[in-house]
Structure formats: structure tokens, C-alpha cells
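Chemist:
In our numbering, the protein residues as written are 1 to 499.
#1: Could you spell out where the beta strand (DSSP E) holding residue 129 opens and where it closes?
#2: Pick helix, strand or coil for residue 344, following the three-state DSSP scheme.
#3: Compute the distance between the beta-carbons of residue 189 and residue 231, then report whether it is under 8 Å.
#4: How about residue 291 and residue 338: do their beta carbons lie closer than 8 Å?
#5: Note down the Cα distance separating residue 545 from residue 112, rounded to an integer number of angstroms.
#6: For residue 324 and residue 342, I'd like the C-alpha separation in whole angstroms.
#7: For the stretch 374–384 and the stretch 301–318, state whether three or more C-beta atom pairs, one from each stretch, are separated by less than 8 Å.
#8: Is residue 384 helix, strand or coil by DSSP?
#9: Between 98, 254, 431, 286, which lies nearest to residue 238 when the distance is taken from Cα to Cα?
#10: Going by DSSP, which residues form a beta bridge with residue 289?
#11: Which residue from 463, 271, 235, 277 puts its Cα closest to that of residue 258?
#12: So, for residue 320: in the same chain, excluding its five sequence neighbours on each side, which residues have a beta-carbon less than 8 Å away from its beta-carbon?
#13: Comparing C-alpha positions only, which one of 295, 296, 256, 405 sits nearest to residue 313?
#14: Have a look at residue 387 and residue 370 and give me their C-alpha separation to the nearest angstrom.
#15: Taking the alpha-carbon positions, what's the residue 98 to residue 74 distance?
#16: Let me know the secondary structure DSSP gives residue 405 once reduced to three states.
#17: Between which two residues does the beta strand (DSSP E) harbouring residue 165 extend?
#18: In the DSSP output, which residue or residues are listed as bridge partners for residue 91?
#19: Determine the DSSP secondary structure at residue 100, reduced to helix, strand or coil.
#20: Could you check where the beta strand (DSSP E) with residue 108 kicks off and where it finishes?
#21: Taking Cβ positions, are residue 344 and residue 298 nearer each other than 8 Å?
#22: Report buried or exposed for residue 245, applying the criterion of at least 16 other Cβ atoms within 10 angstroms of its Cβ.
#23: Taking Cβ to Cβ, would you say residue 483 is nearer than 8 Å to residue 424?
#24: Using 10 angstroms around the beta-carbon of residue 457, count the other beta-carbons present and answer buried if the total reaches 16, otherwise exposed.
#25: Take residue 143 as the anchor and find which of 158, 162, 156 has the nearest alpha-carbon.
#26: Which one of 164, 150, 181, 158 has the shortest CA to CA distance from residue 106?
#27: Buried or exposed for residue 165, please, with buried defined as at least 16 other CB atoms from any protein chain shown within 10 angstroms of its CB.
#28: Measure the beta-carbon distance from residue 414 to residue 461 and round it to whole angstroms, keeping in mind my assumption that it falls under 8 Å.
#29: Could you check if residue 155 is buried or exposed, using at least 16 other CB atoms within 10 Å of its CB as the buried criterion?
#30: Taking all protein chains shown into account, do 16 or more other C-beta atoms lie within 10 angstroms of the C-beta of residue 10, making it buried, or fewer, making it exposed?
#31: Which class does residue 391 belong to by DSSP, given the choice of helix, strand or coil?
#32: Could you check the C-alpha separation between residue 500 and residue 147 for me, to the nearest Å?
#33: Determine the closest residue to residue 275 out of 250, 262, 260, 199, with distance taken between C-alpha atoms.
#34: With distance defined between alpha-carbon atoms, name the residue in 453, 129, 470 nearest to residue 463.
#35: Rounded to a whole number of angstroms, what is the C-alpha to C-alpha distance between residue 206 and residue 129?
#36: What is the DSSP secondary structure of residue 256, counted as helix, strand or coil?
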């Protein structure tokens, strides 16, 4: 033990201040530090430094049971005691020194949670590295850490850390040009040109966003103003608008088609039933499946199919359960998965059903817990479907997700998500999911909208914040652009997300 105190004391005396703001000679020539720390009489070659009976061979020096066997390296100069902050994008050079109680040479490694580390001069007891800090962090309050690790010949390691925080938010969200009109509860569709058609709200107006120019332009108006509508891109490049509510809350049964070439709308066949808060899904055949919703008669279990070739609607098989505010997802198999929603007597549903376009029939396919409505359902690269969030009458917002496996027809539960409903989930080119806005409530008395965006890794279930929105987003749309950016549009305005 006396030997350990001697070399630790010697290193501390020689290396005091040997970081970027300390002993400049050690910074310029780390080998000098090694020379001073290991060849002088008091550093390990004289009888009192490791060869005398009381310095390493006596019972109390590391070979007796009270020493615990082989020991990991000990840092004589670490990173924990360093003071001073860091400038975003700035650099700082660190020097650490350690020694092995078994007196074997050490190897060093460096890492950082963000930014980059360049390793400099390294000896058997010292190591130098320069850290270049990032310009920003994923969200405000993120702590950054630089770590130096020393490992001895036995594979035993010890680490020292430098931690800093207070870096600015990366602000991956940027303002987009403000739409010409307010569009509460609208629909947004990516056109083949890369432009985005936004239509609906409390009036009949529509407009197109040009991502290249970053501008909005007004296009033709709907014949019937509506909100809570669906808008589906057809194989022809035209857009089918169906259902919704008019300003007094009555449901709509008419349908209209937008032509990007003329930038005008034209009437097409009316649906078999008027409906709102329904779903519309483009089938592999090019036809459009519309399911559920509600009208003056109540919640609907019916479904119908639109044929763009004839401009007509026909009834197809009905679901086992009437539902609105549910989701409908086209699977790799060509079948459609319908999940959750609000049913008769406003009871929430945890059931799911599969629609087969070949037979026009529905089959049950398990369910999830808890029941919910106003959630999202996203097809993943794996072919599975991830349900996020939702609202329940018992637990308000749902802090859990559900994963559907079409191979087994079963659901599994994941927990730990940000609870929210009436949000948007967008699958990025990387496969990561961008989850934006929505409402959050801890009870049934009050709720608040979220100016919050998160990235969800469907493989690991990890959720991380990614900048803040400038205003509240709920009942909004989030459209993936050809550039990889996401255009989020709410009643208050628009913003762009850059991955």
C-alpha cells in the first residue's frame, strides 16, 4: 500500500495541471511526463519504490487477502476535477495519467457521447486526446460526456469522465412558409411532382406547397367545404376526397377528384353512405377502400370501395364492429388491417380485423390492451404494424404501443412511450418514426396540446426527443417530402423537419 501511495503522489505532483489549461510542457511532450513519472528514484526504480520488502512483497502490499487480488488501474490524474465549460463546436485537449498496481504497462481508449475525439500522444501511463464538441445537441439539457479508459495486461479497466451540458438545441425544426388559409382538421397528400396538396378545414379552399421554392400557391376550391375528410392519391396522380363534415357538423356523402394538371376539382360518384372520421386506403388494384366512421345513424361497421375507372362506389363486406377514429393499414400481403377506434355507445375498441380485397370479407385478428382511439398505425420495414398512442376514457392518453405481427396474427405490447393522441407518425427514409404533436392528458378533466416531437426506433423501442415545435400541433398532418424532410401543417401554420 505504501508503494501505491508513493507513485500516486509522485504522478499528482508531476502532472498537476496537465490538461489543456495546465502544464504546457506535458502538453508538448507527454513522454517527459512518463520519464519523470517512472525513472526518477522516487518513481519506481529505487529500493523504496518497489523492490524493498515493504513496497510490494510484504503481506500488506497486494498479495494478501486484504488486497482483493489483482487490482484495476488507478488514475493519478483524471477528468472529473476539470472545470470550465465548452463552446459549441469548440475543442479541448485532455491529458490523463494512470498506473497499474501490478506495474504492467497500460493501454488507453477514449470515447465521447457526441462530437469527435482525436487521440494524441500516448505512453504506458499517460494519454492525450482532443475533443471537438458538437455544435448542438438533440434536445436542450442533454449532458455530454468524454471518457478515458485505462486497461492493464490482465484486462482490468478503470475510467474517468468529463461531463458538460448547456449546449443549444439542434433545432432540426425550421419555419416553413405560412399557408394562405387556416386548415383545421384538413388532409394532406404528396403529389407525384413532389408538391403537397392541403385541402379542407372549415371552408372549401385548397393550396399546394412547393418544397423546392418553399412557397404556397392557391388552387381550385372544393364544391363542398368539409373537414375530417380523407384524401387519397390515385394511380393516375389525381387525388380523391371523400366524406367529412361541413361547418355545421353534418356529414358529407359527396366525393371530388383533384387534377394536378388543371389544379381544379371535379365531382365524382357519391358514396353509398355519408360518413366522417372514417379511413380510406388505396388497394393494390388501384381502388380505394373506405371503412367505418359515423353519421346521423351512429357509428358504422360498413365499408365500400371506389373504382377510379368508373367513378363509382360499391358496398363490400361489413366489419364485425362499428368503429370511428380507428386506423387502417395496407399490409405487404395486400390485405388491410383495421385496429381500435370508438364503437357503439362510444365504447372504445381493442379489437382488430383484416380485410381481404380478393373476397371482400373481414376476419378477426386478435387485439391489444388497452382499447384506444385517435392513435396511429405505421407499417414497418419488417412488415409488422406499430400502433402508437391513443386516447381512452379510463387512462386518458396511452403511454404504450402495440406491435402487430401479420405472420402470427398476434399483438405484443411495448411501454414507455410519450402518451399522446390525435398526433401524427411519419416513417422516415431511415425507417425511424417521427412522432409529432397531439394532445396529452393525465385525467379526463383537462388536456393540453404538445409542441413536442420525438424519434422512435421501432427495432429497439427507444424514444428520443428531437427539437421543439414553434407552436402546438394537434389534428395536424406530417408529410414526408422527396428531400427527406417532413412538412408538418397545423391550423396555426407550418414547419419543416430536417433529419
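We put the beta carbon where it would ideally sit given N, CA and C, even for glycine.
Modeler: In short, the structure shows the following:
#1: 126–132
#2: helix
#3: yes
#4: yes
#5: In the structure as shown, the chain begins at 1 and stops at 499. Residue 545 is therefore absent and cannot be evaluated.
#6: 5 Å
#7: no
#8: coil
#9: 286
#10: 281, 305
#11: 235
#12: 301, 351, 353, 362, 364
#13: 256
#14: 12 Å
#15: 5 Å
#16: strand
#17: Here residue 165 belongs to no beta strand (DSSP E), and DSSP marks it neither H nor E.
#18: 132
#19: coil
#20: 107–112
#21: yes
#22: buried
#23: no
#24: exposed
#25: 162
#26: 150
#27: exposed
#28: 5 Å
#29: exposed
#30: At residue 10 the pLDDT is 46, less than 50, meaning the model places this residue with poor confidence and gives no usable figure here.
#31: strand
#32: The shown model of the chain, from 1 to 499, leaves out residue 500, and the question about it has no answer.
#33: 250
#34: 453
#35: 57 Å
#36: strand
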